[in-house]
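Right, one structure below, let's go through it.
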Amino acid sequence: MIERTNTTTINVTGERPYSVVIGRDLANDVAGFLRPGTRQVAVIHQPTTNDAALDIAGALRQAGYVVTLIPVPDGEAAKTAQIAAHCWSVLGTAAFTRSDAIVGVGGGATTDLAGFVAATWLRGVPIVHVPTTLLAMVDAAVGGKTGINTAEGKNLVGSFHEPAGVLCDLDHLTTLPPADLAAGLAEVVKVGFTSDPVIIDLIAQDPALATDPTSSVLAELIERAISVKASVVAVDLRESASDGLGREVLNYGHTFAHAIEQVEDYRWRHGDAVAVGIVFEAHLAHVSGVLTRDVVSRHYEILRSLNLPTTYSGAELDRLIEVMKVDKKSRGDLLRFVVLKAIGEPTILAGPSREQLNAAYEALGKDAS
12 MIERTNTTTI NVTGERPYSV VIGRDLANDV AGFLRPGTRQ VAVIHQPTTN
62 DAALDIAGAL RQAGYVVTLI PVPDGEAAKT AQIAAHCWSV LGTAAFTRSD
112 AIVGVGGGAT TDLAGFVAAT WLRGVPIVHV PTTLLAMVDA AVGGKTGINT
162 AEGKNLVGSF HEPAGVLCDL DHLTTLPPAD LAAGLAEVVK VGFTSDPVII
212 DLIAQDPALA TDPTSSVLAE LIERAISVKA SVVAVDLRES ASDGLGREVL
262 NYGHTFAHAI EQVEDYRWRH GDAVAVGIVF EAHLAHVSGV LTRDVVSRHY
312 EILRSLNLPT TYSGAELDRL IEVMKVDKKS RGDLLRFVVL KAIGEPTILA
362 GPSREQLNAA YEALGKDAS
């Protein structure tokens with residue numbers, strides 16, 4: 012594991028290497044990621060992160076930068092073509108050039124949007140992410156994926172645009188509602204089941220410490236989750252690996268989760284949908300003969316210990332399948348799911364039968380493991 016000092020730095024290698032810094036009181040560190048010659052910085056942020064955005068803007072102005080604040084809506088409401096166009100308009104009015112930079116401050120939806128705006132303005136300007144939620148720290152802000160939603164699905168429009176750096180200030184987690192912190196842990200649990208079983212053990216030993224934003228246990232969980240993602244995206248940034256799972260391993264639970272989010276009009280937290288998604292895909296692996304029942308039960312134990320949802324029956328399966336067929340991971344009409352053969356042994360299940368999908372969905376609707 013990475014040695015912890017006052018801050019921890021995880022390096023993401025690849026064609027455009029960058030660092031993820033994890034620590035506390037990091038507002039003054041944003042400027043360190045900006046290139047020499049940068050004059051202007053646009054800070055894209057959601058209303059709930061006004062204080063953080065103002066702190067960062069103040070530090071940047073003190074360092075001599077011209078700063079423009081661009082507030083955007085909270086959550087998935089920010090990830091639209093209309094909001095992206097508004098950001099482009101502000102950048103144009105400010106005569107924003109390729110030598111300038113964007114800082115995204117907020118949750119995963121905000122960093123997705125900010126990254127997309129940075130990727131598309133003048134065909135690409137630098138972006139620094141300052142994720143303020145657990146979900147954004149361990150997932151959205153790391154890896155270079157950017158995107159917005161359309162009526163047809165989530166993240167269907169986007170690009171790969173690696174950040175100049177990521178600052179995970181753990182102090183932001185102390186202001187998160189417990190339900191939001193737990194939802195972020197769903198992405199950590201996902202990584203534990205696919206790639207780092209120590210994560211599952213740490214949560215099982217003391218779920219209360221895993222949900223305590225001041226604990227060293229949560230800090231280690233964050234570091235482990237980011238380390239896994241960094242190692243995956245370093246070798247497969249664009250989900251194009253021909254040998255093995257590559258970046259697709261990070262999609263465990265997400266095919267079904269994105270379908271829930273869309274049919275529920277994004278009223279569900281992403282992490283809550285992921286929690287249900289990994290339960291569904293665990294059941295799917297079991298009914299397909301890939302995964303043992305005890306590992307399915309382990310999913311329930313861990314997720315319930317964090318007060319995350321494990322059941323869903325809010326939409327007809329036909330509707331969910333229709334949405335999943337538009338998912339980025341599908342190939343034509345062939346549904347593809349990341350599933351487990353065992354904890355730490357993910358694989359792809361392509362083209363499950365309708366009977367298997369029915370059985371998994373029926374099991375998901377029951378409040379039992």
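Going by our numbering, the residue at position 152 of the sequence shown is 163; the numbering climbs one at a time, nothing skipped. Even for Gly, the Cβ is constructed at its ideal location relative to N, Cα and C.
Each residue's CA atom was taken as its position, placing V116 and D276 some 24 Å apart.
In chain order, V228 place their CB closer than 8 Å to the CB of D217, counting only its own chain and leaving out the 5 sequence neighbours on each side. When the Cα atoms are used, S226 and G282 turn out to be separated by approximately 21 Å. Boundaries of the beta strand (DSSP E) harbouring G34: Y29 to G34, taken from the DSSP string. Taking a contact as a CB-CB distance under 8 Å, the pair R50 and D111 counts as one, their CB atoms being some 6 Å apart.
Taken in chain order, the whole beta strand (DSSP E) runs of length 3 or more contained in the region 273 to 339 number zero. About 18 Å separates the beta carbons of E87 and V149, which is beyond the 8 Å limit, so they are not a contact pair. About 7 Å separates the beta carbons of A129 and P137, which is inside the 8 Å limit, making them a contact pair.
For L181, the closest of P208, L145 and V202 by C-alpha to C-alpha distance is L145.
The beta carbon of A374 lies closer than 7 Å to those of H294 in the same chain, with the five residues before and after it left out. At the C-beta level, A193 and I113 stay beyond 8 Å of one another. Note on geometry: alpha-carbon atoms of G155 and T321 lie some 29 Å from one another. Non-local C-beta neighbours of N22 in its own chain, meaning closer than 6 Å and more than five positions away in sequence, comprise S30, ordered along the chain. Restricting attention to T161, I233, L232 and G118, the CA atom closest to the CA of T186 is found in G118.
Annotation note: the region 96 to 151 contains the following uninterrupted alpha helix (DSSP H) runs of length 4 or greater, listed N- to C-terminal: 119 to 131. For V350, no alpha helix (DSSP H) encloses it; the enclosing beta strand (DSSP E) starts and ends at R347 to A353. Listed as beta-bridge partners of L360 by DSSP are F348. Proximity to P174 across E333, L360 and L45 peaks at L45, based on C-alpha coordinates. Closest option to H183, judged by alpha-carbon separation, among V285, A95, I67 and I354: I67. In the DSSP assignment, F171 falls within the beta strand (DSSP E) that extends over G164 to F171. Contact check between the region 96 to 105 and the region 56 to 76: fewer than three CB pairs, one atom from each, fall below 8 Å, which does not count as touching. Beta-bridge partners assigned by DSSP to N22: S30.
With fewer than 16 other Cβ atoms from the protein chains shown falling within 10 Å of its own Cβ, L345 counts as exposed.
Burial check for S238: the Cβ neighbour count within 10 Å reaches 16 or more, so the residue is buried.
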